[in-house]
Amino acid sequence: MGEHAPIRMKDLAKQLGVSASTVSLVLSGRGDENRIARETQERVFQAAEAMNYRPRKAPKAPPKSRFFGIFLPADIVQGPVSQVFNGIADYRRETGSEDEFLMVTYDHAGLARKKHLLSRGSPFSAAILVGTQEADVAFLRGFQAEIPIAVLNRDVPGCYCVLIDDYEVGRSAAEHFLRRGHRQLGLIAPRYTSKSLGLRVSGFLDYLQDHRQDLDALPTLSRGENSPTGGQTAMEELLQSCPQVSSVFIANDSMVTGAVRAIRDAGRHIPEDVEIISFGNMDVNRWSDPPVTSFAYPVEEMFCDALDILARSLADPTGKPFSRHYAAECVYRTSCPREGRFLPRRDIP
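In terms of the numbering used here, the sequence shown opens at residue 3 and continues consecutively.
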């Protein structure tokens with residue numbers, strides 16, 4: 003059964019155009035001593051009431067210290083590692099918790115080799131799993147975990163799950179391309195399989211199948227390794243098989259830099275000849291030339307919420323695992339603008 007995410011300090015801060023620390027100081031009654039304007043304090047209180055904000059309260063801690071295991075893929079440098087740490091900082095700031103955290107790395111599809119850390123007798127009170135693949139999910143389905151487990155962006159029975167609607171991400175990317183007037187679309191994706199990746203791909207392809215009357219041809223899918231090299235290879239194959247492609251959805255950010263290079267090496271320009279949208283909103287998208295439009299999922303908020311859910315589960319072990327869903331937001335940059343129609347050059351090679 004799904005559950006909507008609660009209103010958080012960051013939501014209030016975004017609504018009001020102030021920092022999260024300002025909201026925290028006001029709601030904790032320390033606005034005056036920190037010289038926050040009375041007008042600002044009043045706005046914070048009014049917004050908190052209007053948005054039904056309820057502050058988190060850390061569950062009563064058991065007698066011994068709690069240790070949370072944060073399980074991360076060995077190649078986490080490619081992923082949202084900074085957001086993970088920010089999520090921990092948010093949790094500590096909002097709850098006042100003194101829980102401890104230990105990072106555990108595992109190989110992709112190798113979570114089963116860490117099962118002793120998810121069993122009774124483990125040093126961990128609870129665990130959060132990041133970057134799991136289908137083999138890991140299959141292991142979890144047949145594994146009777148003896149500590150509470152939260153899984154980031156995967157739907158796993160028997161675990162607390164914090165995840166986004168990947169299918170809608172794919173549909174939204176396709177819809178935006180059609181709205182801009184593209185008639186030949188492409189898709190590149192990693193070769194590995196996961197439910198979330200599959201949903202992004204299916205959402206994109208299904209939407210275009212439903213609107214095939216608006217296309218010159220159905221989209222072409224090209225796969226490669228989940229790396230810059232894989233992105234380059236996949237994009238080269240796509241451009242060769244579909245020379246007139248004018249828009250491409252890249253289903254994982256790890257492939258972005260290679261895909262951009264392949265477009266450039268083919269003598270084409272972004273966005274004049276080819277517009278691209280990716281998924282993940284990693285830093286590479288901001289610093290790419292040109293900057294790449296990408297779907298961002300709220301990793302920090304999801305991670306902070308996962309910790310809060312696990313803490314409450316430890317305080318009340320009778321609760322049953324549930325899923326909490328979040329929306330991904332498209333961050334528009336040069337590679338594919340928010341508004342207007344696509345106007346291709348006429349000298350495409």
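Yeah, the Cβ is synthetic: ideal placement off N, Cα and C, and Gly gets one too.
**OP:** Determine which residues share a DSSP beta bridge with F70 and list them.
**Re:** The residue given as residue 70 occupies position 68 in the sequence shown. Partner(s): F103, A128.
Original post:
In this structure, does DSSP put L207 in helix, strand or coil?
Top reply: As a working mapping, residue 207 is identified with position 205 in the sequence shown. Under the three-state reduction of DSSP output, L207 falls in the helix class.
Original post:
Near T235, what residues of its chain come up, given a Cβ to Cβ distance below 6 Å and the 5 sequence neighbours on each side ignored?
Top reply: Taking the sequence shown and counting its residues from 1, one reaches residue 235 at position 233. Once the five neighbours on either side are set aside, the close Cβ partners of T235 are G226.
Subject >> When R10, F251, F73 are compared against M105, the one with the closest alpha-carbon >> reply: As a working note, residue 105 is residue 103 in the sequence shown. Ranking R10, F251, F73 by Cα distance to M105 puts F73 first.
Original post:
If we count the other Cβ atoms within 10 Å of its Cβ and call it buried at 16 or more, is R340 buried or exposed?
Top reply: The count along the sequence shown starts at 1 and reaches residue 340 at position 338. Note on R340: under 16 other CB atoms within 10 angstroms of its CB, so exposed under the neighbour-count rule.
Original post:
Apart from the five residues on each side of it in sequence, which residues of its chain come closer than 7 Å, Cβ to Cβ, to P125?
Top reply: In the sequence shown, the residue the question calls residue 125 occupies position 123. If we look at P125 and ignore the five residues flanking it on each side, its Cβ neighbours are F69.
Original post:
Taking F281 as the reference, which of P323, L240, I166, G342 has the closest Cα?
Top reply: Locating residue 281 in the sequence shown gives position 279, counting from the first residue. Closest by alpha carbon: I166.
Subject >> Own chain residues within Cβ distance below 8 Å of K116, not counting five before or after >> reply: Start at 1 with the first residue of the sequence shown, and residue 116 comes out as number 114. Cβ neighbours of K116 beyond the five flanking positions: F73, V106, Y108.
Original post:
For L345, which three-state DSSP category applies?
Top reply: For this step, residue 345 is matched to residue 343 along the sequence shown. DSSP places L345 in coil when its eight states are reduced to three.
Subject >> Straight-line gap, L14 to A22 (C-alpha atoms, nearest Å) >> reply: If you number the sequence shown from 1, residue 14 lands on position 12. If you number the sequence shown from 1, residue 22 lands on position 20. Taking the straight line joining both Cα atoms gives about 8 Å.
Subject >> Spatial distance of T97 from L223 (CA atoms) >> reply: If you number the sequence shown from 1, residue 97 lands on position 95. If you number the sequence shown from 1, residue 223 lands on position 221. Linking T97 to L223 through their CA atoms gives a straight-line distance of about 45 Å.
**OP:** Give me whichever residues DSSP pairs with E136 in a beta bridge.
**Re:** The count along the sequence shown starts at 1 and reaches residue 136 at position 134. Bridge pairing for E136: absent [DSSP].
**OP:** Ignore the nearest five residues each way along the sequence and tell me which others in C306's own chain have a CB closer than 6 Å to its CB.
**Re:** Position 304 of the sequence shown, counting from 1, holds the residue named residue 306. These residues qualify, in order along the chain: G89, D92, Y93.
Original post:
Looking at L201 and D168, is the spacing between their C-beta atoms short of 8 Å?
Top reply: Along the sequence shown, read from residue 1 onward, the residue named residue 168 stands at position 166. Along the sequence shown, read from residue 1 onward, the residue named residue 201 stands at position 199. Going by C-beta atoms, D168 is nearer than 8 Å to L201.
**OP:** Pull up the CB-CB distance for F251 and F324, whole angstroms please, since I reckon it's below 8 Å.
**Re:** Residue mapping note: residue 251 aligns to position 249 of the sequence shown, counting from 1. Residue mapping note: residue 324 aligns to position 322 of the sequence shown, counting from 1. Not really, about 31 Å apart at Cβ, beyond 8 Å.
Original post:
In three-state DSSP terms, what is H118?
Top reply: Counting from one through the sequence shown, the residue named residue 118 turns up at place 116. H118 falls in the helix class under three-state DSSP.
Original post:
Shortest alpha-carbon distance to D118 belongs to which of Q186, D101, L142?
Top reply: By 1-based counting over the sequence shown, the position of residue 118 is 116. For the record, residue 118 in the displayed sequence is His; it is not Asp. Ranking the options by Cα distance to H118, first place goes to L142.
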